[in-house]
Every structure is written in structure tokens, then in C-alpha cells.
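Counting from 149, one number per residue, gives the positions in the sequence shown under the numbering used here.
Ideal placement from N, C-alpha and C gives every residue a C-beta, glycine not left out.
Structure, as C-alpha cells:
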Amino acid sequence: EILKFCITETKRGGKDGGKTVLTDDGKNMLLAFDELSDEFDKAIYKIAKKFFHSLNN
């Protein structure tokens with residue numbers, strides 16, 4: 149509801165059982181999240197480096 153698009157597609161079980169897979173939107177969201185996470189990691193590293201450098205001066 150919040151995203152306004154589905155990220156998974158569910159198939160009901162039968163003889164072989166059900167399954168849930170990512171939709172194309174779900175895959176795109178996962179890739180975007182990975183990029184966001186990488187950017188956070190870079191920013192946190194930069195901030196922490198600056199912080200610890202200031203402690204040593």
C-alpha cells in the first residue's frame with residue numbers, strides 16, 4: 149500500500165507447492181536499496197574518518 153506497486157508475486161500451492169518471487173519492481177527496488185546502502189557506507193566511513201582524525205590532533 150505504501151509503495152503503490154507490488155514487489156512480490158505469489159502463486160498458490162498445488163501439486164508442487166506455491167512460491168513467491170520478486171516482481172521487476174521488486175528487483176529494481178532491491179538494486180536501488182543496494183546502491184543506497186553503498187552510499188550510506190561511504191558517507192559513514194568519511195564521517196568516522198574525519199571524527200577519529202580530529203581526536204588524534
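(1) Are at least three pairs of beta-carbons, each pair with one atom in the stretch 181-193 and one in the stretch 154-168, less than 8 Å apart?
(2) Report the three-state DSSP secondary structure of K152 (helix, strand or coil).
(3) Roughly how many angstroms separate the alpha carbons of Y193 and R160, rounded to a whole number?
(4) So G174 and T156 are in contact, right, with Cβ under 8 Å, and what is the actual spacing, rounded?
(5) In whole angstroms, what is the alpha-carbon distance linking K197 and D186?
Per the coordinate set shown:
(1) no
(2) By 1-based counting over the sequence shown, the position of residue 152 is 4. In the structure shown, K152 sits in coil (DSSP, three-state: anything other than H, G, I, E or B).
(3) Taking the sequence shown and counting its residues from 1, one reaches residue 193 at position 45. Taking the sequence shown and counting its residues from 1, one reaches residue 160 at position 12. So the two alpha carbons sit approximately 45 Å from each other.
(4) As a working mapping, residue 174 is identified with position 26 in the sequence shown. As a working mapping, residue 156 is identified with position 8 in the sequence shown. Correct: roughly 6 Å between the Cβ atoms.
(5) The sequence position of residue 197 within the sequence shown is 49, counting from 1. The sequence position of residue 186 within the sequence shown is 38, counting from 1. Going by the C-alpha atoms only, they are around 16 Å apart.
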